[in-house]
Amino acid sequence: MINSLYIHIPFCDHICAYCDFPKQLIQYSKTEEYLNALIDEINELKIPDDQLRTIYIGGGTPTSLSLSQLEILLFYLKSHFKKLDEFTIEANPEGLNFEKLQLIKQSGINRISLGVQSSSNRILEKLGRHHCRKDVVNAVDMIKKIGIYNFNLDFIYGLENTSINDVKNDLEFALSLQPKHLSFYSLQIEPNTYFYINKTKTVSDDELADIYAYISKTLEENSFVHYEISNFALPGFESKHNLTYWHDQQYYAVGLGASSYVGNKRETNTLSMKKYLEKKLDKKTEFISKKDEEFEFIMLNLRLKEGFSLSEYFDRFNIDFLQKYRDKIAKEKEYLIIKNGRVSVKPSYFYILDTIFLNLIS
Ligand code: SF4
161 MINSLYIHIP FCDHICAYCD FPKQLIQYSK TEEYLNALID EINELKIPDD QLRTIYIGGG
221 TPTSLSLSQL EILLFYLKSH FKKLDEFTIE ANPEGLNFEK LQLIKQSGIN RISLGVQSSS
281 NRILEKLGRH HCRKDVVNAV DMIKKIGIYN FNLDFIYGLE NTSINDVKND LEFALSLQPK
341 HLSFYSLQIE PNTYFYINKT KTVSDDELAD IYAYISKTLE ENSFVHYEIS NFALPGFESK
401 HNLTYWHDQQ YYAVGLGASS YVGNKRETNT LSMKKYLEKK LDKKTEFISK KDEEFEFIML
461 NLRLKEGFSL SEYFDRFNID FLQKYRDKIA KEKEYLIIKN GRVSVKPSYF YILDTIFLNL
521 IS
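Now the structure itself:
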């Protein structure tokens with residue numbers, strides 16, 4: 161049974177220098193048409209009222225929608241899905257106000273993921289963000305006042321001409337806001353971004369490794385569990401929706417450029433707004449063989465501190481993992497933990513996870 165739905169809102173008030181998500185500048189004339197197409201797409205899935213446990217509204221910037229547009233979407237979701245354990249919306253600090261937060265709270269949303277990225281106004285400007293440190297403090301204040309205490313703060317580190325001291329400031333700032341969940345992502349320079357075109361660099365790999373270790377150590381000292389490569393949570397506040405992905409479970413996804421995983425297929429909607437509004441989803445379909453599924457299961461689950469269960473792996477693939485990968489495991493044993501029927505990567509080696517994974521399965 162599929163328990164999770166991702167909803168993509170591709171609109172933003174501005175475009176950040178590093179961003180390669182499917183997004184475009186908001187045009188209010190198109191937004192309502194988009195929401196209609198989106199709601200039609202969800203209806204087409206014919207998901208029973210009581211089936212979903214998690215919904216994640218991401219983007220883009222969902223809070224760039226006007227109050228009345230947000231109301232159309234949230235009213236629809238609230239009246240259709242009644243058994244949600246976790247209902248998340250992404251927000252930007254400058255896009256929140258008290259009215260939107262009231263609507264968010266009344267719609268049953270119980271988790272907010274706030275795109276903070278940095279506590280330094282200098283770095284925020286370089287990233288092309290349109291908020292400042294004070295906006296973050298105000299947004300968190302309003303989120304708490306409205307009664308939502310389960311919130312995540314997203315940060316990015318590693319931009320050239322920044323140092324570990326900037327990350328220390330970010331951590332101090334983040335902890336002072338008392339979030340339940342924190343994400344720290346290393347900056348990736350992706351093609352078709354302003355940073356790529358301008359040949360912007362990140363700090364060196366050695367510095368990235370030091371920063372990564374420092375973030376992990378500091379947050380663990382402050383009771384956060386480093387439960388996924390880039391994610392930290394107070395116990396019990398791990399993202400249920402995102403765990404669906406990392407456990408390699410299936411999920412629905414709707415909206416421009418959204419990718420779902422249903423049955424043995426990954427389907428990705430068109431990136432053309434024109435086609436999407438005409439309800440021509442033009443899906444790209446990738447069939448996932450049992451072998452691909454096995455690799456994806458290992459790769460995704462090893463992102464988690466808890467790794468995966470050998471019996472779950474056997475039940476799903478009818479393969480004895482320890483037997484099949486015996487020689488590779490022997491070579492990689494310095495990096496792995498195999499105990500209590502589970503396999504995981506030692507968190508201190510998370511930063512070279514890709515290499516460990518490739519050595520294991522190739
Ligand atoms: S990073 Fe977020 S706010 Fe910035 S352009 Fe991308 S989706 Fe929009």
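Just so we're aligned, residue 161 is where the sequence shown starts under this note's numbering, counting upward by one.
All C-beta atoms in this analysis are idealised placements derived from N, C-alpha and C, irrespective of residue type, glycine included.
Quantities reported herein were computed from a predicted structural model and do not represent experimental measurements.
Quiz item: Which runs of the alpha helix (DSSP H) spanning at least 4 residues fall entirely within the stretch 268-315, listed in chain order?
Solution: 281-287 and 293-306
Self-check item: Three-way DSSP call (helix, strand, coil) for HIS168 in this model
Solution: Counting from one through the sequence shown, the residue named residue 168 turns up at place 8. Here HIS168 sits in strand by DSSP.
Quiz item: What do you reckon, are the CB atoms on LEU212 and LEU244 nearer than 8 Å?
Solution: Position 52 of the sequence shown, counting from 1, holds the residue named residue 212. Position 84 of the sequence shown, counting from 1, holds the residue named residue 244. Yes, the pair counts as a contact, with Cβ atoms nearer than the cut-off.
Exercise. With DSSP collapsed to three states, give me the class of HIS341.
Key: What you label residue 341 is simply residue 181 of the sequence shown in a count that begins at 1. Of the three classes helix, strand and coil, the one that applies to HIS341 here is strand, per DSSP.
Quiz item: Looking at LYS265 and ligand 1, is the gap between the Cβ and the nearest heavy atom below 7 Å?
Solution: Looking up residue 265 in the sequence shown gives position 105. Not so, every heavy atom of ligand 1 lies at least 7 Å from the Cβ.
Quiz item: In terms of residues, what are the limits of the alpha helix (DSSP H) holding ALA369?
Solution: Taking the first residue of the sequence shown as position 1, residue 369 is located at position 209. Looking at the DSSP string, the run of the alpha helix (DSSP H) that includes ALA369 is 365-381.
Quiz item: What whole-angstrom Cβ distance do ILE167 and LEU198 have, given they're in contact under 8 Å?
Solution: By 1-based counting over the sequence shown, the position of residue 167 is 7. By 1-based counting over the sequence shown, the position of residue 198 is 38. Indeed they touch by this definition, with Cβ atoms about 7 Å apart.
Quiz item: Going by C-alpha distance, which of GLY220, GLY275, HIS386 and ILE264 is nearest SER508?
Solution: Within the sequence shown, the letter at position 348 stands for residue 508. The residue with the shortest Cα to Cα distance from SER508 is HIS386.
Quiz prompt | Sheet register partners of SER419 (DSSP bridge) | solution = As a position in the sequence shown, residue 419 is number 259, starting the count at 1. In DSSP, SER419 forms a bridge with THR428.
Quiz item: How many whole angstroms separate the CB atoms of GLY544 and ILE162, which I take to be in contact at a CB cut-off of 8 Å?
Solution: Because residue 544 is not part of the residues shown, which for the chain are 161 to 522, the question remains open.
Self-check item: Residue environment, ARG463, which counts as buried when at least 16 other CB atoms sit within 10 Å
Solution: As a position in the sequence shown, residue 463 is number 303, starting the count at 1. Buried, by the Cβ-count rule.
Practice problem: Look at LEU460 and LEU470 and say whether their C-beta atoms are less than 8 Å apart. | Solution: In the sequence shown, counting from the first residue as 1, residue 460 sits at position 300. In the sequence shown, counting from the first residue as 1, residue 470 sits at position 310. For LEU460 and LEU470, no; Cβs fall outside 8 Å.
Quiz item: If you drop the 5 nearest sequence neighbours on each side, which residues of the same chain put their C-beta closer than 7 Å to that of LEU256?
Solution: Position 96 of the sequence shown, counted from the start, is the residue given in the question as residue 256. Excluding residues within five positions, the ones whose Cβ falls inside 7 Å are THR223, ALA299 and MET302.
Quiz prompt | Element boundaries [beta strand (DSSP E), containing ARG502] | solution = Along the sequence shown, one-based indexing puts residue 502 at 342. Its beta strand (DSSP E) spans residues 502-505.
Exercise. Assuming LYS340 contacts LEU394 (C-beta within less than 8 Å), just tell me the rounded distance between them.
Key: In the sequence shown, residue 340 corresponds to position 180, counting from 1. In the sequence shown, residue 394 corresponds to position 234, counting from 1. With a Cβ gap of about 5 Å, LYS340 and LEU394 count as contacting.
Practice problem: For GLY219, write down the residues that DSSP places opposite it in a beta bridge. | Solution: Along the sequence shown, one-based indexing puts residue 219 at 59. In DSSP, GLY219 forms a bridge with ILE169.
Practice problem: With distances taken Cα to Cα, identify the nearest neighbour of GLU492 among GLY307, ILE479 and LEU513. | Solution: Translated into the one-based positions of the sequence shown, residue 492 becomes position 332. Measuring from the Cα of GLU492, the nearest candidate turns out to be LEU513.
Exercise. Assign TYR188 to buried or exposed, taking buried as 16 or more other Cβ atoms, counted over all protein chains shown, within 10 Å of its Cβ.
Key: Residue numbering aside, residue 188 sits at position 28 when the sequence shown is read from its first letter. Exposed, because fewer than 16 other Cβ atoms sit within 10 Å of the Cβ of TYR188.
Exercise. Could you tell me the boundaries of the beta strand (DSSP E) in which LEU496 lies?
Key: For the purposes of this step, residue 496 is taken as residue 336 along the sequence shown, with counting starting at 1. From DSSP, the beta strand (DSSP E) with LEU496 extends over 496-499.
Practice problem: Count the C-beta pairs between the stretch 416-430 and the stretch 493-503 that are closer than 8 Å, then say yes if the count reaches three, no if not. | Solution: no
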